[in-house]
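Under our numbering, the first residue of the sequence shown is numbered 982, with each subsequent residue one higher.
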Amino acid sequence: MKIALVQFCPRYGNKEANLQTILDRLNDTSAELVIYPELCTSGYLFYSKEETSKLAEPMEGDTIALMQKKASELGKIIILGFIEKEEEKIYNSAVAIFPDKKMTKVYRKTHLFYKEKFCFDAGNTGFWNVYYPDFDINIGLMICYDWRFPEAARTLGLLGVDLIACPSNLITDVWHLAMPARALENKVYLAVANRTGTEERDLDSLFFKGESGIWSYNGKILARAGIYEDIIIEAEIDPEQTRNKSFNEYNNIFSDRRPDMYIL
């Protein structure tokens, strides 16, 4: 199957313009799975829950309803980041929208980065795996800073995902060292959809470094964007290739684990 990552610069606070970009890019790829960046409907540099709440929507809101309609019409899986509201809680969330609405599922960011701690509640969904039989693929999500914690990718690996989708707003370079390791150590595909551009507010300025990438289960890069490009990158993947975790006659990366030796 073909997967696509959409790298672009969301317009800060302009949900309508960002949704138009999201829809336009959706029509520019033939991929069965399309992944967008973290908080791609809103922009990123917020200072408080008062600010994020103004752009927050429930899962039952207009944005997800629109994207659900598109996923069903086009027969695509769509993954994107948005500000989610559930009762009094505000989450940095990403949703995997399947053509079959009953399978659509939200993930709420587990590890909050920097000033996100003032703007969002800590995620409470935990990590999960959804199997979509039409494409024979197991999919799980993490968001941006979750990559710093190998437990996140390992949990997804143990849950049986073939692909980890990671919508991101990355501003450092060090993550390039970790992503191939996360793919290799769990024998999964890993897709990081990062954004581009700069956001400036008051004395803060954040430069988002693009370079979205798709890694194979062997840690090799399959596709990568540049730093400044607004671009769609694509790669063909074979989910079935991730499922045998043995790498020789005697070793299996999961069954060789010894959790009893990892106790602190």
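By construction, the Cβ of each residue, glycine as well, lies at the ideal position given by its N, Cα and C atoms.
Could you give the uninterrupted runs of the alpha helix (DSSP H) lying entirely in the segment 1041-1092, keeping only those of 4 residues or more?
1043-1055
Among 1228, 1118, 1062 and 1094, whose alpha-carbon lies nearest the alpha-carbon of residue 1140?
Comparing Cα positions, the closest option is 1118.
CA-to-CA distance, residue 1223 to residue 1235, given in whole angstroms:
12 Å
Residue 1175 - DSSP class collapsed to helix/strand/coil
coil
Quick one: which unbroken beta strand (DSSP E) runs of 3-plus residues sit fully inside the segment 1163-1228? Chain order, please.
1170-1174, 1179-1182, 1185-1188, 1194-1196, 1202-1205 and 1212-1217
Residue 1142 Cβ short of 7 Å to the ligand MG heavy atom set:
Ligands in the displayed structure: none, and consequently the ligand MG is not present.
Return the bridge partner residues of residue 1111 from the DSSP annotation.
1120
Taking the alpha-carbon positions, what's the residue 1045 to residue 1154 distance?
31 Å
Would you decide whether residue 1227 is buried or exposed? Buried here means 16 or more other CB atoms lie within 10 Å of its CB.
exposed
Is there contact here, the segment 987-999 with the segment 1131-1149, by at least three beta-carbon pairs under 8 Å?
no
Counting Cβ pairs, one atom from each stretch, are 3 or more of them under 8 Å apart for the segment 1100-1117 and the segment 1021-1038?
Under the three-pair Cβ rule at 8 Å, the segment 1100-1117 counts as touching the segment 1021-1038.
From residue 1194 to residue 1095, what distance separates their C-alpha atoms?
23 Å
Give me the residue from 1241, 1221 and 998 with the minimum Cα distance to residue 1112.
1221
Looking at residue 1215 and residue 1010, is the spacing between their C-beta atoms short of 8 Å?
yes
Pairwise C-alpha distance: residue 1189 and residue 1176:
6 Å
Using only alpha-carbon positions, find the residue among 1219, 1244, 1053 and 1063 that is nearest to residue 1025.
1063
Three-way DSSP call (helix, strand, coil) for residue 1100 in this model
helix
Residue 1179 versus residue 1187 - alpha carbon distance:
6 Å
Using only the alpha-carbon positions, how far apart do residue 1164 and residue 1092 sit?
19 Å
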